[in-house]
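This report refers to the structure that appears directly beneath it.
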Amino acid sequence: MSQKQNIQLPEGSLGKQTTTLNLGPTHPATHGVFQNILEMDGERIIDAVPTVGFIHRAFEKLAEHKPYYQITPLTDRLNYCSSPINNMGWHMTVEKLIHAELPKRVEYLRVIIMELARIADHLVCNSVIGVDTGAFTGFIYVFEFREKIYEVFEEVCGSRLTTNIGRIGGFERNFSDLAFQKLQHFMDTFPKAMREFETLFNRNRIFMERTMGVGGIAAERALNYGFTGPNLRATGIDYDIRTAHPYSGYQDFDFAVPVGTTGDVYDRYLVRNAEIWESMSIIKQALEKIKDLDPTVFHADLPNFYLPDKADVYTKMEALIYHFKIVMGETEIPAGELYHAVEGGNGELGFYLISDGGRTPYRLHFRRPCFIYYQAYPEIIRGSMLSDAVVTMSSLNLIAGEIDG
Amino acid sequence: MVEPPQGFGGDGFFTMKLSEAVGLARSNSLWPLPFATSCCGIEFMATMAAHYDLARFGAERLSFSPRQCDLIMVMGTIAKKMAPILKQVYLQMAEPRWVMAVGACACSGGIFDSYSVLQGIDQVIPVDVYVPGCPPRPEGIIDGFMRIQDLVKAESIRRRESDEYKALLNSYGIQ
Amino acid sequence: MLTNEIIKQRLTDKFGEQVRHFEEPYGMLTFETDRDNNLKVMTFLKEDEELGFTYLNDLTAVHYPDNTGQELAVVYMLQNIRTSTRVRLKVFTDITQPDVFTASGLFATSNWLEREAYDFYGVNFVGHPNLIRIMNVDEMDYFPQRKEYPVEEQTRIDKDDAMFGR
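Residue numbers (our numbering), protein chains in the order written: chain A, 1 to 405; chain B, 1 to 175; chain C, 1 to 166.
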């Protein structure tokens, strides 16, 4: 029969009981480009073979040719839903390399920006779980508040999504009053909307039946696969970089680390929701702490890394020389190798930097959480239905830019 | 109020050029295919959301099947591994079809001047509108969409059979 | 309390001269071992009660073109989740025959990480279930992240190197 029709069927496939389905690289918009070739027995999935690399942009090789301040836009494009966290992580890595001490106000402002980015990332993930189960309303509703977060970012750094926010040593400009007003407006209006979003999904019969018991993973398997972040916390292990290896003043904040029990889609959804509430509480605490600090401080005193004020560059000789040296890469950069990790939207985002004292890094490796836990996807979906596989994929918050990088 | 199109009308009839009528109908009901690969895809999601609302322009129904769409919006970096897939999706589209390259990576490779990134999708498919930006603001994406609408309105209904268009497709190896 | 001294002491007690070059750059204990010993050392670190490094954080490769005979380094980063301690293990291998035993039997994390190291640097992980390219196109015949290859694509005609400062 297959000789008459002009179809290229694989060898022996007519006798097989299973079908091969290509859940191809072009998904309906939301998830990103990765391919899964599923072997299915009717509606059940027997096996899956994921393929990644469809958006491989050679970040690590590019980073070997760029000076330290030019690598920040590259880190933006890793987990682009929460790019400020990536930026801050990179700045902290370089500051660790040069043994820089930052003023408290800078650390707390960084905490505010990182928590806003975390809220933005979790909002995308949770609303997309809703979209995949057919509920588009939550997505449309929640994106309005992401616009408010974008407005705060825009006020500070000028850009909405790929922010390139901050500099090595602090921020490029002080937070204006308008930025704080916009932040306060977000803090005032968001809780009510978040509660409405939760009312829509948390005890919704259809949502619960679609997500409970689906896509679960045991805690030991999760650890063996290198899970971190909300996906690991949903299995019951409370490992959070903000409490395990505190950075940027997180040790001064009082927040809980929410954990789940079974690691299924419903638990991941609830853990992310709880983390959004914790982030709101952290931002409130940070705003309180900033009130007592000197409001003119927005960067550390790092003449070898932080570009001087433009007005000074045009009038003072020292500032001009420092500007020249920093841009041309003639300041002293210590050699060494270090690893620094931050708690990104998906878990431990690590930067392994080997510096040889030159203008550009010798080797920069990103420990990308999405890449590491996507390996577990075939094991998670084996035996489940196709629609469960789709919901699981969206609940793992797979961002293609972070998988490939 | 919108101006009526140029034509001659009377009691119960209205005559206008066929290409203008067809163009008007097409441009206000384009069905886009969001080929979103990376960060520009998230800005597209913001464009589709309530604040910037692309649906006002007629793009209410996003089609994820290339067989049913008019406009492919390539948003994000296209790596060399992805290029054959992009070409395959483009080939599956039915005429008339338009292509919009959103973002610096789709226009020219963007900031990724590396061995694995295709330096612009116009190396594999013909592009109608380029929207620069990294990522472009939703207003920019909407502006690009409006340019596509202008192109659609003004297009001659014989364009797709013309020799020039065939020569363009041949230069890409598309029959 | 699991300190770097305790880890170093236990390692030297068990392996003696086979683990060497103990350093603590920026607080993380880093040491080196022969390429044939990597699994033994990691199994010891994983299964020992007191050490308990049951979590593989990261696995990557580095290319040092000037160290003849030891050009490729495979760097493992292990972590004890309970005490939040990290250590780094390095294994050097020759570029002409870069065989390293795979850790995918010990840690499921290392499966794709090793494929990535193979794709970028050409490290051949002996015993890996599926050692094929992961990020780059399958037809690529060189290992792009080695130092001798440029980052830019060589066949592009629209970007003028002179104008781009190269």
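Here a beta-carbon is modelled for each residue, glycine too, at the ideal position from N, C-alpha and C.
If you're wondering where the values come from, they're calculated on a predicted model, not measured in any experiment.
Can you give me the start and stop residues for the beta strand (DSSP E) that C/Glu32 sits inside?
In this chain, the beta strand (DSSP E) harbouring C/Glu32 covers 29-33.
According to the Cβ coordinates, are C/Ile134 and A/Gly350 closer than 7 Å?
No.
Does A/Ile140 come out as helix, strand or coil in the three-state DSSP assignment?
Residue state, collapsed to three classes: helix.
Determine the closest residue to A/Thr235 out of A/Gln251, A/Gly213, A/Gly249, A/Ala244, with distance taken between C-alpha atoms.
Among A/Gln251, A/Gly213, A/Gly249, A/Ala244, the Cα nearest to that of A/Thr235 is on A/Gly213.
Check the Cβ-Cβ distances between C/Tyr26 and every residue of chain A, and say whether any is below 7 Å.
Closer than 7 Å: yes.
Count the other CB atoms within 10 Å of the CB of B/Ala55; is the residue buried (16 or more) or exposed (fewer)?
Exposed, because fewer than 16 other Cβ atoms sit within 10 Å of the Cβ of B/Ala55.
Can you give the Cα-Cα distance for A/Leu74 and B/Thr15, rounded to whole angstroms?
The alpha-carbon atoms of A/Leu74 and B/Thr15 are separated by roughly 56 Å.
Using C-beta distances below 6 Å, list every residue in its chain close to C/Val62, excluding the 5 sequence neighbours before and after it, in chain order.
Excluding five sequence positions before and after C/Val62, the CB atoms of its chain that fall closer than 6 Å to its own CB belong to Ala73, given in chain order.
Nearest-angstrom Cα distance between A/Ser2 and B/Pro66?
Caution is warranted here: a pLDDT of 42 is assigned to A/Ser2, below 50, making its placement in the model unreliable, and the coordinate value is therefore given only provisionally. So the two alpha carbons sit approximately 26 Å from each other.
Closer than 8 Å is the cut-off here; do at least three beta carbon pairs connect the stretch 98-113 of chain A with the stretch 1-17 of chain B?
Output reads no: the stretch 1-17 of chain B does not touch the stretch 98-113 of chain A.
Would you be able to state if there are at least three C-beta pairs under 8 Å between the stretch 75-82 of chain B and the stretch 115-122 of chain B?
A contact exists between the stretch 115-122 of chain B and the stretch 75-82 of chain B.
Closer than 6 Å: is that where the CB of C/Leu113 sits relative to any heavy atom of the ligand ADP?
What this structure holds is no ligand at all, so the ligand ADP is not there to describe.
Cβ-based burial, B/Leu91 [other Cβ within 10 Å; buried from 16]
B/Leu91 should be labelled exposed.
Secondary structure at A/Glu39, three-state DSSP: helix, strand or coil?
Strand, per DSSP.
Does DSSP put C/His128 in a helix, a strand or coil?
Secondary structure of C/His128 (DSSP, three-state): coil.
Using DSSP's beta-bridge definition, name the partner residues of A/Glu343.
Answer by DSSP bridge pairing, in chain order: A/Glu348.
State the CB to CB distance for the pair A/Tyr352 and A/Arg368, rounded to an integer number of angstroms; the pair is presumed to be in contact (CB under 8 Å).
The C-beta distance from A/Tyr352 to A/Arg368 rounds to 11 Å, too long to fall under 8 Å, and the pair is not in contact.
Fully enclosed by the stretch 243-270 of chain A, which beta strand (DSSP E) runs are 3 residues long or longer?
You should have found no qualifying run.
Among the residues of its own chain, which have a CB less than 7 Å from the CB of B/Thr47, if the five just before and after it don't count?
Excluding sequence neighbours, B/Thr47 sits near Leu54, Pro138, Ile141, Ile142.
Under 7 Å by beta carbon: chain C residues contacting A/Arg363:
Residues of chain C with a Cβ closer than 7 Å to the Cβ of A/Arg363 are, in chain order, Val62.
A/Arg367 - DSSP class collapsed to helix/strand/coil:
Of the three classes helix, strand and coil, the one that applies to A/Arg367 here is strand, per DSSP.
Closer than 7 Å to chain C by CB, B/Tyr130:
No, because no Cβ of chain C sits closer than 7 Å to the Cβ of B/Tyr130.
Check B/Ser171 in the structure and name its three-state DSSP category.
Helix.
Quick check: the stretch 206-220 of chain A against the stretch 261-281 of chain A, are there 3 or more CB pairs under 8 Å?
Taking 8 Å as the limit for Cβ pairs, the verdict is that the stretch 261-281 of chain A does touch the stretch 206-220 of chain A.
Local conformation of A/Pro334 per DSSP, three classes:
Here DSSP, grouped into helix, strand and coil, assigns A/Pro334 to coil.
Can you give the Cα-Cα distance for A/His122 and B/Gly144, rounded to whole angstroms?
Near 30 Å, if we compare the C-alpha coordinates of B/Gly144 and A/His122.
Which residues of chain A have a Cβ atom closer than 7 Å to the Cβ of C/Ile134, listed in chain order?
Those within 7 Å of C/Ile134 in chain A are Val52, Gly53.
May I have the straight-line CA-CA distance separating C/Ile157 from A/Cys125, to the nearest angstrom?
For C/Ile157 and A/Cys125, the distance between alpha carbons rounds to 40 Å.
When you compare each of C/Glu17, C/Arg146, C/Thr12, C/Met42 to C/Ile95 by their alpha carbons, which one comes out closest?
Minimum Cα distance to C/Ile95 is reached at C/Arg146.
Using a 10 Å radius around the Cβ and a threshold of 16 neighbouring Cβ atoms, would you call A/Met176 buried or exposed?
The residue asked about is misnamed: residue 176 of chain A is Ser in this sequence, not Met. Its Cβ having fewer than 16 others within 10 Å, A/Ser176 is exposed.
For C/Gln79, count neighbouring Cβ atoms within 10 angstroms of its own Cβ and tell me buried if that reaches 16, exposed if not.
By the beta-carbon neighbour count (other beta carbons within 10 angstroms, threshold 16), C/Gln79 is buried.
Count the other CB atoms within 10 Å of the CB of A/Ala335; is the residue buried (16 or more) or exposed (fewer)?
Burial is judged here by how many other beta carbons sit within 10 angstroms of a residue's own beta carbon; A/Ala335 has fewer than 16 and is exposed.
According to DSSP, which residues form a beta bridge with A/Gly170?
The beta-bridge partner set that DSSP reports for A/Gly170 consists of A/Arg167, A/His299.
If you draw a straight line from the C-alpha of A/Val152 to the C-alpha of A/Pro28, how long is it?
Near 29 Å, if we compare the C-alpha coordinates of A/Pro28 and A/Val152.
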